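Residue numbering for the sequence shown follows our numbering, starting at 65 and increasing by one per position. Quick notes on the structure that follows.
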Amino acid sequence: MASAPGYSDLGPQQVLAALDAVGLHGDGRILQLNSYENRVFQVFLENGRAVVAKFYRPGRWSDAQILEEHAFALELAEAEVPVVPPLVLHDPASTPGLHLQGEPPTLATVGTHRYAVAERCAGREPELDEPGAQERIGRFIGRLHAVGRRRPFAHRHRLDLRRDGERAIALLVDGRYVTPAELPAWRVAAAEALALAAAAFDALAPVATLRLHGDCHLGNVLWRRDGEHSTPHVVDLDDAMQGPAVQDLWMLVSGDARTMAQQLDRLLAGYEQFSEFDDRERRLIEPLRTLRMLRHSAWLAERWSDPTFPLNFPFFGSAAYWSQQTAQLREQIEAMTPGAPAAI
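Below is the structure:
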């Protein structure tokens with residue numbers, strides 16, 4: 065998917081003008097932050113504040129999906145769950161062409177640009193070897209899920225492992241992204257891995273779903289100092305979705321089955337203070353890992369026309385890349401084969 069004109073080369077003048085339109089006047093200092101999916105900028109304002117402006121990639125989410133993400137963040141903040149919600153925006157000068165959406169308004173559109181603004185929130189990645197860190201992260205996710213269970217998403221993505229995996233495989237094959245020599249082996253491994261992953265979900269059906277963060281790995285959890293302890297925060301819900309609770313837990317564990325089980329137990333010791341967890345979902349960790357592998361390759365393929373992606377992912381599309389993917393899918397097949405150890 066090609067970037068819309070003016071998006072990939074979005075510059076400081078356009079960013080400052082967009083913030084001016086909603087009454088947030090920059091002092092000229094602006095810093096582009098790391099983000100592959102959207103264009104994100106830290107902007108210092110004339111009044112001494114600093115905000116983060118996120119310009120959404122065209123065509124990724126509909127207005128309704130973005131507004132539902134914003135409403136979820138505001139609901140979490142209202143429940144005192146530590147997230148950074150979008151700011152309520154205003155049009156103090158009745159700017160021509162500015163359109164605000166949301167109740168309250170949190171999404172602005174000027175020309176082809178859709179954007180939201182939040183307060184800057186500094187922090188660092190969690191250190192899991194810190195005493196009690198996993199339990200605190202578990203409590204945080206449990207609180208987030210307690211709010212997430214109140215009602216379902218109507219517009220956001222709903223995780224469907226079979227559908228999502230089939231779409232990823234079709235995109236990669238039909239787009240001829242897999243190198244010809246590696247295609248037969250990769251295609252067989254991908255199909256077998258997806259079949260086993262889907263069977264694991266089918267065996268547990270029905271699996272309860274709720275509103276989730278959706279991409280809850282350590283890089284997306286901000287560790288902020290709160291007195292003597294560090295507290296987890298979330299600054300972005302861009303991948304919020306409807307899915308099983310374990311989706312927000314499995315990326316926080318790693319290692320062999322025994323180690324993952326121990327880590328998950330510590331997370332759940334905090335989580336279950338606020339939310340119930342269906343222990344059967346432990347069996348979904350390797351299926352979800354398999355889906356993430358397939359979707360990650362498809363994501364790179366979808367974004368390949370964006371100049372940022374070839375620059376940052378030069379290995380994608382090489383024979384070595386697809387050989388490695390095939391090997392990893394075979395490891396997933398082994399991990400999901402009935403009788404294999406699970407994080408239980």
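Ideal Cβ positions, reconstructed from N, Cα and C, are used throughout, including at glycine. Keep in mind the model is a prediction, meaning the values are calculated, not measured.
- In chain order, Thr390 place their CB closer than 6 Å to the CB of alanine 249, counting only its own chain and leaving out the 5 sequence neighbours on each side.
- One thing to note: isoleucine 130 has its Cβ no nearer than 9 Å to the Cβ of leucine 95.
- Across the set Arg215, Ala182, Arg200, the C-alpha of Arg200 shows the shortest separation from the C-alpha of threonine 295.
- If you draw a straight line from the Cα of aspartate 224 to the Cα of alanine 186, it comes to about 34 Å.
- Apart from the 5 residues on each side of it in sequence, arginine 240 has no Cβ closer than 8 Å to any other Cβ in its chain.
- Remark: C-beta atoms of tryptophan 314 and leucine 348 approach each other more closely than 9 Å.
- Bridge pairing for tryptophan 125: absent [DSSP].
- Alanine 114 carries a strand assignment under DSSP once its states are collapsed to helix, strand and coil.
- When the five nearest sequence neighbours on each side are left out, the beta carbons in the same chain lying within less than 8 Å of the beta carbon of glycine 319 are those of Gln327, in order along the chain.
- Within the same chain, no Cβ atom closer than 6 Å to the Cβ of alanine 245 is found once the five residues on either side in sequence are excluded.
- The residue among Glu191, Ala82, Ala180, Tyr179 with its C-alpha nearest the C-alpha of proline 160 is Ala82.
- From the listed residues Ala232, Tyr179, His134, Val242, the smallest Cα separation to serine 382 is found for Val242.
- Selection Asp155, Glu340, Ile233, Ala197 evaluated against leucine 258 yields Ile233 as nearest (Cα-Cα).
- In this structure, proline 190 and leucine 301 do not form a Cβ contact; the two beta carbons are roughly 18 Å apart against a cut-off of 8 Å.
- The beta carbons of alanine 137 and proline 149 sit about 4 Å from each other, so the pair counts as a contact at 8 Å.
- Remark: C-beta atoms of glutamate 345 and methionine 400 do not approach each other more closely than 9 Å.
- CA-CA distance, proline 122 to glycine 403, rounds to 45 Å.
- Two segments are said to touch when three or more pairs of C-beta atoms, one from each, lie closer than 8 Å; by this definition the region 102–121 does not touch the region 200–211.
- Annotation: leucine 140 to histidine 277 spans about 11 Å, alpha carbon to alpha carbon.
- Looking only at Arg288, Trp287, Cys280, the smallest Cα-Cα distance to leucine 316 is reached by Cys280.
- Bounds of the alpha helix (DSSP H) holding arginine 356 are 349–366.
- Under the criterion of beta carbons closer than 8 Å, isoleucine 397 and alanine 253 qualify as touching, at roughly 7 Å.
- Annotation: valine 79 to arginine 178 spans about 11 Å, alpha carbon to alpha carbon.
- Runs of the alpha helix (DSSP H) lying entirely within the region 173–237 and spanning at least 4 residues, in chain order: 197–212.
- Between the alpha carbons of glycine 166 and leucine 88 lies a gap of roughly 18 Å.
- In terms of Cα proximity to aspartate 342, the closest of Tyr120, Val211, Leu268 is Leu268.
- Annotation: aspartate 312 to glycine 75 spans about 34 Å, alpha carbon to alpha carbon.
- In the structure shown, aspartate 343 falls within a helical segment according to DSSP collapsed to helix, strand and coil.
- Cβ-Cβ separation between proline 216 and glutamine 106: approximately 34 Å, too far for a contact (criterion under 8 Å).
- Counting the other CB atoms within 10 Å of its CB gives glutamine 198 a total of 16 or more, which places it among the buried residues.
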